[in-house]
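Asks: Before we start, here is the structure in question, set down as structure tokens.
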Amino acid sequence: MPGATPIKVLVVGSGGREHALCRKLVASPLCADLLCAPGNAGIADVARCLPVGVEEIDALVALAKAEAVGLVVVGPEAPLVLGLADKLAEAGIAVFGPSRAGALLEGSKGFMKDVLARAGVPTAWYGRFTDAGAAKAFIGEKGAPIVVKTDGLAAGKGVILCQTLEEGGAAIDLLMGERAFGEAGDEVVIEEFLVGEEASFFALCDGTRAIAFGAAQDHKAVGEGDTGPNTGGMGAYSPAPVFDKAMEAQVMAEVIAPTLRVMADMGRPFTGVLFAGIMVTPSGPKVLEFNVRFGDPECQVLLARLESDLLPVLLAAAEGRLDRVAPLVWSPETALTVVMAAKGYPGEYAKGDVIGGLAAAGEVRGAVVFHAGTRADGEGRVVAAGGRVLGVTGTGGSVREARDRAYQAVDALDWPGGFCRRDIGWRALAREEGGR
Numbered sequence: 001m002p003g004a005t006p007i008k009v010l011v012v013g014s015g016g017r018e019h020a021l022c023r024k025l026v027a028s029p030l031c032a033d034l035l036c037a038p039g040n041a042g043i044a045d046v047a048r049c050l051p052v053g054v055e056e057i058d059a060l061v062a063l064a065k066a067e068a069v070g071l072v073v074v075g076p077e078a079p080l081v082l083g084l085a086d087k088l089a090e091a092g093i094a095v096f097g098p099s100r101a102g103a104l105l106e107g108s109k110g111f112m113k114d115v116l117a118r119a120g121v122p123t124a125w126y127g128r129f130t131d132a133g134a135a136k137a138f139i140g141e142k143g144a145p146i147v148v149k150t151d152g153l154a155a156g157k158g159v160i161l162c163q164t165l166e167e168g169g170a171a172i173d174l175l176m177g178e179r180a181f182g183e184a185g186d187e188v189v190i191e192e193f194l195v196g197e198e199a200s201f202f203a204l205c206d207g208t209r210a211i212a213f214g215a216a217q218d219h220k221a222v223g224e225g226d227t228g229p230n231t232g233g234m235g236a237y238s239p240a241p242v243f244d245k246a247m248e249a250q251v252m253a254e255v256i257a258p259t260l261r262v263m264a265d266m267g268r269p270f271t272g273v274l275f276a277g278i279m280v281t282p283s284g285p286k287v288l289e290f291n292v293r294f295g296d297p298e299c300q301v302l303l304a305r306l307e308s309d310l311l312p313v314l315l316a317a318a319e320g321r322l323d324r325v326a327p328l329v330w331s332p333e334t335a336l337t338v339v340m341a342a343k344g345y346p347g348e349y350a351k352g353d354v355i356g357g358l359a360a361a362g363e364v365r366g367a368v369v370f371h372a373g374t375r376a377d378g379e380g381r382v383v384a385a386g387g388r389v390l391g392v393t394g395t396g397g398s399v400r401e402a403r404d405r406a407y408q409a410v411d412a413l414d415w416p417g418g419f420c421r422r423d424i425g426w427r428a429l430a431r432e433e434g435g436r
């Protein structure tokens, strides 16, 4: 956007995704000043962090107005579901992120499945239930394996893969009886268990148009070998070998375009990033879910590969003019992120541990440490303040090189209270080495 007047940008969020966004946005000639609310210890190195929480909607709007912000980039899903984009639009402030009506694609899995059905998008069969007895009867009718999900937001953890009828019944009891995720489980969605290889695909949308923003693969399970409970993500890599250019074109035509068309027809034009969880099955790609924000840690690996200036593209999406954006330029290199989490995650974990070795990790060639759950203590030290704490990212000319650099940086850290999976990227590595 040559000759454009630089603008002040506000990023909402405090995770590794927001750190990656901030590092990319602050490098743009279009960025006059960068703010982040509330931010974290790493984001504070590249942006002015302000103590406003992501769900403090009115305070965020007031902040954007007081600072004369030219674009707000919303990281997490919760403020979008609460209507932050609507309030900003009412105040005349450009925002990258969907309206409350659009954010329902993530806020309600049942609504999302209904949209897919109306749009004719390939997906698993499903049922929606507010009565536990009816839900269990449906599981008995369909058989196992089967998938049980909370309808509402559950921090990426409200999905239970059930291998037996007994596990299906227990999942209903957990979500609807014990209310493990609160009101998110007032309604459940029960789906077909799809078999294949999973990938995350992203598209930037301006209400009527969309451009592809790449694919990644992540590791949801907490344990090596993809074992143990689901998490918000223990690592990711991009590009995703299973997702080639032909697959990208197919998903843009058969998933993204019809979804945008139906959302517009419903009076819910979708603006922002549409994140499609795709299962590549023997009969083709099928949608597992939609999210309405960049993934975390997928955002870290995508932005590590993006060579184009991000800010003009996000602004164009917010202003409904993606048709005037130049084609995005991507590095051919692989990026791979290893998540360092606090011991005990995704269960109970301790906070407040001092994290050492950050400078040494950042000096590893081709490596960047993104902060997720961190804060600075009274002595200026970086301490753990969340479950997923760091996203250690390596880039390289091969999967192995990116992976080795990421783990070299991990090993430079001094944090006895943290842990990570040691097998991030195993599928891509097996493909790479099998092709030699």
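Numbering (full-length UniProt numbering), first residue to last: 1 to 436. Using N, Cα and C, we set each Cβ at its ideal position, and we do this for glycine too. A quick note: this is a predicted structure, and the numbers were derived from the prediction, not measured.
1) What ranges does the alpha helix (DSSP H) occupy inside the stretch 308 to 348, keeping only unbroken runs of at least 4 residues that lie completely in it?
2) Relative to the C-alpha of A402, which residue among G417, I424, S200 is closest?
3) Along the chain, where does the beta strand (DSSP E) containing I7 start, and where does it finish?
4) Could you give the residue range of the beta strand (DSSP E) that holds R427?
5) May I have a chain-ordered list of the beta strand (DSSP E) segments no shorter than 3 residues that lie completely inside the stretch 140 to 198?
6) Helix, strand or coil for F138, going by three-state DSSP, please let me know.
7) Pair every Cβ in the stretch 289 to 307 with every Cβ in the stretch 238 to 251, then say whether three or more of these pairs are closer than 8 Å.
8) Using only CA atoms, which one of G102, R431, V148 lies nearest to M266?
9) Less than 6 Å between C-beta atoms, sequence neighbours within five positions excluded: which residues of the same chain meet that for I160?
10) In the structure shown, what three-state DSSP assignment does G417 receive?
11) Are A372 and G362 touching if we call contact CB-CB under 8 Å?
12) Please identify the residue among L336, A215, A94 whose C-alpha is closest to the C-alpha of L274.
13) On the DSSP bridge list, what partners appear for N40?
14) Would you report the Cα separation of G110 and Y126, rounded to the nearest angstrom?
15) For V382 and T374, what's the separation of their Cα atoms in angstroms?
16) Kindly indicate which residue of R405, Q217, S99, L10 has the alpha-carbon position closest to the one of T271.
17) Across the stretch 207 to 221 and the stretch 309 to 323, are there enough close Cβ pairs to call them in contact, namely three or more that are closer than 8 Å?
18) Kindly indicate which three-state DSSP category M1 falls into: helix, strand or coil?
19) Identify every residue that forms a DSSP beta bridge with Q217.
20) Does the beta-carbon distance from S14 to P51 come in below 8 Å?
21) To the nearest angstrom, report how far apart A406 and V364 are at their CA atoms.
22) Where does T208 sit, in a helix, a strand or coil, going by DSSP?
23) Could you name the residues of the same chain whose beta carbon sits closer than 6 Å to that of S28, not counting the 5 residues immediately before and after it, in chain order?
24) Locate the beta strand (DSSP E) running through F275, then write down its first and last residues.
25) How would you write the range of the beta strand (DSSP E) that A369 sits in, first residue to last?
26) Excluding five sequence neighbours on each side, which residues of the same chain lie with their C-beta closer than 6 Å to the C-beta of A428?
27) Mark V95 as exposed unless 16 or more other C-beta atoms lie within 10 angstroms of its C-beta, in which case mark it buried.
28) Compute the Euclidean distance between the alpha carbons of T395 and D404, then round it to the nearest angstrom.
29) Quickly, what does DSSP pair R388 with across the bridge? List them, please.
30) Considering only the beta carbon of each residue, do L264 and V188 sit closer than 8 Å?
31) Got a sec? Which residues, its chain only, sit under 6 Å from V46 by beta carbon, not counting five neighbours each side?
32) So the candidates are R268, N291, R321; which of them puts its Cα closest to the Cα of I211?
33) Only counting runs of 3 or more residues, tell me where the beta strand (DSSP E) segments fall wholly within the stretch 83 to 110, in order along the chain.
34) Measuring alpha carbon to alpha carbon, tell me which of P258, G185, A144, V69 ends up nearest A119.
35) Could you have a look at D33 and say whether DSSP puts it in helix, strand or coil?
36) Using DSSP with H/G/I as helix, E/B as strand and the rest coil, what is A20?
Replies: Reading it off the structure:
1) 310 to 318
2) I424
3) 7 to 13
4) Element bounds for R427: not the beta strand (DSSP E) but the alpha helix (DSSP H), 426 to 434.
5) 146 to 150, 159 to 162, 188 to 192
6) helix
7) yes
8) G102
9) V148, A171
10) coil
11) no
12) A215
13) Per DSSP, none; premise fails for N40.
14) 9 Å
15) 6 Å
16) S99
17) yes
18) The pLDDT assigned to M1 is 49, lower than 50, so where the model puts this residue is not dependable, and the model offers no usable value.
19) Y237
20) no
21) 8 Å
22) coil
23) D309, L311
24) 270 to 281
25) It should be noted that the sequence gives Val, not Ala, for residue 369. Element bounds for V369: 367 to 371.
26) Y237, P241, V399
27) buried
28) 9 Å
29) A341
30) Residue 264 is actually Ala in this sequence, not Leu. No, the pair does not count as a contact, with Cβ atoms beyond the cut-off.
31) C22, R23, V26
32) R321
33) none
34) P258
35) strand
36) helix
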